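Below is one structure, written out as structure tokens, with a few remarks after it.
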Amino acid sequence: MFEFIRNHKRWIQVMLVLLAASFLVVGGMATNENTDSTVVVANVDGKKITQPEWEEAQRQQVDQYRAMMGAQFDQKRFDTPEFKREILDNLIARRAVEAEIDRSHLTVGDEVLINTIQQNDEFKTAGKFDVEVYKAALLNARMTAPQYEASLRRDFVLRQLTGTVQETAFLPRTVATRMSNIFDEEREVQEMLFPASEQQAQVKVTDEMIKAFYDKNTALFQVPEKAKIEYVVLDAAAVEGMVTVSDEEVAKFYETNKARFTTPEVRQYSHILFNAAKSASAADKAAAKAKADAVLAELRKAPATFADVAKVKSQDVSTAEQGGDLGQAEKGKMLSPALETAVFKLKQGDISDVVETEFGYHIVTVTKLVPQTIKPFDEVKTALVAEVKKPKMSQKYTELSQTFTETVYDQSASLKPVADKLKLKIETLDNVTRTPSPALAQSPLNNAKFLAALFSDGVVKEKHNTEAIEVKPGMLVSARIVEYAPAAKRPLAEVQDIIRMRVAQQEAASLAKKAGEAKIAAAKASGDAAGFGAAKVVSRAAPTAVNQAALPVVLKADASKLPAYVGVDIPGVGYGVYRINKVSQPAKVDETRRTAEQKEIAERLGQVEMRAYVDALKEKSKAKVIVKTEVAAADAKDAPAVK
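Per the numbering used here, the very first residue in the sequence shown carries number 47; after that it's consecutive.
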């Protein structure tokens with residue numbers, strides 16, 4: 047088990063991150079109970095999960111994979127029924143847990159929420175909360191501030207709930223110790239190799255042996271069918287040159303959307319806080335208010351000392367050392383309406399009256415004021431041209447795709463008519479096979495649906511155009527076969543030398559194994575260690591003492607009676623015989639590593655506990671899959687309740 051965890055540790059970590067993300071990401075989705083869509087894919091606790099919600103969850107998850115995997119991202123891996131069903135399962139799980147949260151009336155306070163947002167490093171500039179960065183992050187995530195804050199509240203409670211469940215997992219010390227002992231176990235072994243190369247002189251390969259190998263391994267000598275093709279592509283690049291926009295259209299778009307290019311007024315502000323929670327007594331609130339009034343009176347006499355006073359007297363420990371600096375504020379974006387009203391009444395350098403909020407009493411000052419700015423038209427014109435052009439290109443593509451589809455079908459003997467009509471270039475590609483090729487991994491033609499159409503009987507035999515195939519969104523392709531070579535078996539005469547070598551290697555390896563097995567029988571009878579190499583200590587922690595192909599066999603061999611013997615086929619070498627003399631634990635145990643191992647196993651058990659808990663909540667919420675598609679049909683027809 048530890049071998050698997052160590053060998054796949056990075057992969058496991060990535061998968062856990064992705065699983066957590068897929069479980070939590072849907073909480074940030076904007077949901078609409080009044081959606082126009084009538085397609086319901088699942089019900090949880092009497093509430094619907096709609097097709098649009100499911101599709102949005104798929105998009106968000108794919109975006110996360112794309113960001114994580116970078117250049118290794120392959121969209122085809124996620125265009126599968128299994129992936130879509132996994133997302134639906136995660137949506138159902140999320141809703142089932144949220145239903146339990148609602149039933150239990152679990153929540154989180156505003157103070158925790160605000161502090162978490164302001165302390166999030168992703169929303170900071172130069173170590174301070176930056177409203178602009180916060181807004182940009184939400185815009186990039188396609189969320190509003192209320193949606194994000196609601197999602198954050200839910201995630202707080204969700205983590206608290208799931209963390210509590212996972213902490214119930216218990217790993218007995220005896221089990222943990224036994225597993226660590228297995229990993230640490232050391233075996234003293236001696237090795238004797240029987241190289242296949244030493245048996246080559248005894249091998250005689252006959253024509254009959256060659257023919258038998260050839261007949262038995264037909265697939266090894268099969269040459270797949272292949273074709274040289276012509277093809278045309280209709281995509282955005284082909285359409286772009288056919289669409290133009292006028293300066294007047296772009297200017298009108300700029301005026302209509304001027305708010306997008308406007309940077310609102312921003313104010314840098316600081317505060318001095320005297321704590322008084324909502325639950326505080328009237329006397330405590332009065333005392334805090336009196337302190338604030340007294341400090342305000344001092345500041346009225348010496349406004350320039352605001353930062354120094356904040357360092358000494360502010361009870362907001364997170365900002366006091368910075369002179370009370372709370373970062374930048376933008377109108378309509380502050381978390382506290384009362385503070386926002388006060389901040390935007392002030393001029394730079396002014397000091398407010400005492401402001402009461404749910405946290406207590408504040409004195410506020412504006413330390414810097416950056417006025418509103420608007421990007422000039424000339425600065426954004428190039429980007430706007432592309433944006434104004436985009437819907438026109440989409441409309442043009444729709445029009446031309448109809449023409450493209452009809453032309454390649456109606457005039458199926460050639461691609462020239464459609465190329466001439468739509469001003470497309472006819473491209474050629476050689477050595478195209480029926481199945482996708484790793485050599486063409488990035489090509490849009492390396493598409494299973496396209497290749498199936500290309501190698502259909504009508505296209506192969508009649509040399510017709512394929513139908514218009516959408517190989518990816520916004521890209522249509524049609525092709526025809528120019529030259530075709532059917533699948534064939536290479537003649538025996540052409541491959542007999544290769545077969546002779548292969549058969550000779552197999553026969554030599556077989557003779558080496560026989561010699562090794564004879565040695566094992568003799569050694570077991572006599573107990574003699576003659577011929578074996580020097581004794582070496584091997585373990586899962588130090589696996590390099592013997593050939594890696596032999597290691598798993600040596601470590602798993604029955605060592606209840608010593609010496610024990612085991613033989614292993616070693617690819618490319620021959621046959622190895624191993625004499626196990628002693629089994630023991632290391633003289634010094636790495637307690638730090640063992641503690642880490644036990645923690646790791648406990649975490650895995652916690653995840654199992656969490657899965658079981660979520661399954662129970664699904665049952666409690668009467669979760670059902672409604673959709674009858676390739677994604678969910680298999681489970682839905684057999685067991686409507688999601689398990």
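We put the CB at the ideal spot given by N, CA and C, even for glycine.
Quantities reported herein were computed from a predicted structural model and do not represent experimental measurements.
Contact under 8 Å by Cβ, residue i with residue j
| i | j | result |
| --- | --- | --- |
| Tyr624 | Asp615 | no |
| Val389 | Val410 | yes |
| Leu342 | His408 | no |
| Lys272 | Thr474 | no |
| Lys565 | Met238 | yes |
| Val416 | Asp396 | no |
| Val278 | Ala465 | yes |
| Glu276 | Ala525 | yes |
| Ala356 | Ala348 | no |
| Glu231 | Val629 | yes |
| Gly406 | Ala334 | yes |
| Gly373 | Lys174 | yes |
With 16 other Cβ atoms within 10 Å as the buried cut-off, status of residue i
| i | result |
| --- | --- |
| Val671 | buried |
| Gly613 | buried |
| Phe119 | exposed |
| Gln107 | buried |
| Val401 | buried |
| Leu500 | buried |
| Met656 | buried |
| Ala669 | buried |
| Ile228 | exposed |
| His317 | buried |
| Ala338 | buried |
| Asn186 | exposed |
Own chain residues within Cβ distance below 6 Å of residue i, not counting five before or after
| i | result |
| --- | --- |
| Ser667 | Val90, Asp91, Ala142, Ala145 |
| Pro589 | Leu597 |
| Asp135 | none |
| Glu553 | Val249 |
| Glu729 | Residue 729 cannot be examined here, being either before or after the span of the chain that is shown, 47 to 689. |
| Thr419 | Thr309 |
| Thr481 | none |
| Asn80 | Any reading at Asn80 must be qualified, since the residue scores a pLDDT of 37, below 50, and its modelled position is unreliable; no value is offered. |
| Phe124 | Val108 |
| Arg233 | Val584, Ile626, Val629 |
| Leu486 | Asn492 |
C-alpha distance - residue i paired with residue j, whole-angstrom precision
| i | j | result |
| --- | --- | --- |
| Pro617 | Gln551 | 11 Å |
| Arg346 | Ser325 | 30 Å |
| Phe578 | Phe240 | 11 Å |
| Ala25 | Lys427 | Not covered by the structure: residue 25. The range shown for the chain is 47 to 689. |
| Asp456 | Gly504 | 14 Å |
| Asn627 | Gln236 | 8 Å |
| Arg200 | Thr153 | 7 Å |
| Ala67 | Phe450 | Confidence at Ala67 is low in this model, with a pLDDT of 38, below 50, so the placement of that residue should be treated as unreliable; the coordinate-derived value is given next. Spanning the two alpha carbons is a distance of roughly 41 Å. |
| Thr171 | Glu386 | 20 Å |
| Ala514 | Pro490 | 13 Å |
| Pro422 | Phe299 | 13 Å |
| Thr302 | Lys438 | 18 Å |
| Leu285 | Gln441 | Going by the sequence as given, residue 285 is Val instead of Leu. Each residue's alpha carbon lies about 10 Å from the other. |
| Lys518 | Ile472 | 19 Å |
| Ala587 | Pro632 | 10 Å |
| Ala678 | Lys94 | Reliability fails at Ala678, whose pLDDT of 43 lies under 50, so the model's placement of it is uncertain and the value that follows must be treated cautiously. Cα to Cα, Ala678 sits roughly 16 Å from Lys94. |
| Pro98 | Gln193 | 17 Å |
| Gln644 | Ile147 | 31 Å |
| Asp744 | Ala567 | Because residue 744 is not part of the residues shown, which for the chain are 47 to 689, the question remains open. |
| Leu601 | Asn263 | 34 Å |
Chain-order list of residues whose beta-carbon lies under 7 Å from that of residue i (same chain, five-residue window excluded)
| i | result |
| --- | --- |
| Ala591 | Lys582, Val583, Val584 |
| Glu195 | Leu159 |
| Ala662 | none |
| Gln361 | Leu319, Phe320, Asn321 |
| Asp604 | Ala610 |
| Glu516 | Leu522 |
Sequence-distant residues of the same chain with beta carbon closer than 8 Å to residue i, five excluded per side
| i | result |
| --- | --- |
| Lys467 | Thr449, Thr453 |
| Leu70 | Low confidence applies to Leu70: its pLDDT is 40, below 50, so where it sits in the model is not reliable enough to give any reading. |
| Tyr260 | Phe267, Leu538, Val541, Gln542, Ile545 |
| Val179 | Glu168, Phe169, Lys170, Thr171 |
Hey, which unbroken runs of the beta strand (DSSP E) at 3 residues or more fall wholly within the segment 471-525?
473-478, 515-518, all fully within the segment 471-525.
Counting only runs that start and end within the segment 535-622, where is the beta strand (DSSP E) found for 3 or more residues in a row?
Counting only runs that start and end inside the segment 535-622, the beta strand (DSSP E) elements of at least 3 residues fall at 582-585, 610-616.
Please go through the segment 146-199 and give each complete alpha helix (DSSP H) segment of 4 or more residues, from N-terminal end onward.
For the alpha helix (DSSP H) assignment, the uninterrupted runs of no fewer than 4 residues enclosed by the segment 146-199 are, from N- to C-terminal side, 156-165, 177-186.
Pick out the complete beta strand (DSSP E) segments inside the segment 404-437, 3 residues or longer, and give them in chain order.
Here the runs fully enclosed are 406-416.
What residue ranges within the segment 214-299 form continuous beta strand (DSSP E) runs of no fewer than 3 residues, ordered along the chain?
Segments of the beta strand (DSSP E) lying fully in the segment 214-299: 232-241, 272-280.
Alpha helix (DSSP H) runs contained entirely in the segment 342-385, provided each spans 4 or more residues:
As for any alpha helix (DSSP H) of minimum length 4 sitting wholly inside the segment 342-385, the runs are 352-359, ordered along the chain.
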